[in-house]
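Structure record follows, encoded as structure tokens.
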Amino acid sequence: MSTLGMGAPAPEPADASPHAFPDGGTWRTEIPSCEGPEALAAVLRESAALDVPVHRISQGSGVWMLTDAEITEMVDACAQHDIELCLFTGPRGTWDVGASTRTDSGGGGLRARGHDAVAGCVEDALRAAELGVRCLLVADEGVLWVLHRLRAEGRLPADTTLKVSALIGPVNPASYSVFERLGADSVNVPSDLTLQQLTEIRRVSAAPMDFYLEAPDDLGGYVRMYEAAELIRRGAPIYLKFGLSKAPGIYPYGAHLRGLTLDSARERVRRGRLALDMLARLGADGGMSPAGSRHPGELQRFPLPERN
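Under the working numbering, the first residue of the sequence shown is numbered 5, with each subsequent residue one higher.
Shown next as structure tokens:
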């Protein structure tokens, strides 16, 4: 296009994120919606076949939808492949008796309603941690703060990481910074944020960002694969998430959704291969964190309250 007089302006150096993961990498990969041991096995086989490095596997149905044996099998499989396993915590939003989430306004959003829902999330977190899970997904600011305090007090392992769900993803630098200070080690942001808005976030926070290159339809269905290189440049440190649009929802997962779940798990890995190929064609495939990397680095936190 430059030969036709339609070349793009050079990237503005000030737009680039100054941050990176502690291992020096600027981006990692994540396969979301991996709902059980069988789906995990499908992802591992496909990632080996297509040579797609995976840093994190995440699940969306929740800890409570898995048996102890299933969680243990997933923990062991991820450990064998040096991949971080992230499971969702507790009751939230539409999986509750509250009807406000079904209104046009969405009510209070997909958060934990009342003391018992928060307690359910805590129970999920403690159970998962006891079985070896070291990454927990949360969809409520209060749950995040409670789990961070439990981690600080040693009731959750110190190396537990807390990940903020796309269901409550922040859309401005101020709210992103609040999530970091509440204890988040990575934060999903909506996939419709502009590149400039990502730069604005990076001017106030170094907390790792989770970003759907392709978002599920219930999160907008956005496909931003062509922007992968610029998303890394502006959003680092960033997890590139390979979601899937035009696919039916699978939460909460059960055997009645087996075929769909396994097919979509494999296709998410294939989407990852497409994204990696595109980065390579653009000469932008450098900077990936080494295999097995999971630590977020030193982040800013609110002071913990003193015990009376």
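Glycine included, every Cβ here is placed at the ideal spot set by N, Cα and C.
Just measuring C-alpha positions, the residue of Q304, M292 and R311 sitting nearest W31 is M292. Where S179 is concerned, there is no enclosing beta strand (DSSP E), although the alpha helix (DSSP H) around it starts and stops at P177 to L186.
When A279, R262, G239 and H260 are compared, the shortest CA-CA separation from G247 is found for A279.
Collapsing the DSSP output to three states places I61 in a strand. At a Cβ-Cβ threshold of 7 Å, N192 and D222 do not count as neighbours. Distance from the CA atom of A45 to the CA atom of R311, rounded to whole angstroms, is 44 Å. The residue from R272, Y243, A233 and E234 with its alpha-carbon nearest to that of K250 is R272. Looking at the DSSP output, K245 shares a beta bridge with E34 and Y216. From the listed residues G158, H85, G40 and G239, the smallest Cα separation to A73 is found for G40. Straight-line measurement puts the Cα of L264 at about 46 Å from the Cα of P309.
The straight-line gap separating the alpha-carbon atoms of P256 and S51 is approximately 24 Å. The alpha-carbon of S181 is positioned some 14 Å away from that of L148. T203 carries a helical assignment under DSSP once its states are collapsed to helix, strand and coil. Taking the Cβ atoms as the reference, L151 lies roughly 6 Å from L140, within the contact range of under 8 Å.
No residue range can be given for E39, since it is assigned to no beta strand (DSSP E) and is classified by DSSP as neither H nor E. S21: not part of any beta strand (DSSP E); DSSP gives it neither H nor E. Straight-line spacing of the CA atoms in G66 and A295 works out to 26 Å. Your pair E34 and R60 checks out as a contact, with CB atoms roughly 4 Å apart and the cut at 8 Å.
Ranked by Cα distance from G224, the options D196, R277 and A259 are led by D196. Residue L48 holds the alpha-carbon nearest to the alpha-carbon of Q84 among L48, L54 and E231. Distance from the Cα of R117 is smallest, within the candidate group L135, A14, R96 and R131, for R96. Taking 7 Å as the cut-off, the beta carbon of A24 is found no closer than this to the beta carbon of P212. Secondary structure at V56: coil, using DSSP grouped into helix, strand and coil. In this structure, the alpha-carbon of A162 lies about 56 Å from that of G9. For L283, there is no enclosing beta strand (DSSP E); the enclosing alpha helix (DSSP H) covers residues R262 to R285. If you draw a straight line from the Cα of V208 to the Cα of A170, it is about 20 Å long. A Cβ-Cβ distance of about 7 Å is found for the pair A121 and G94, placing them in contact under the 8 Å criterion.
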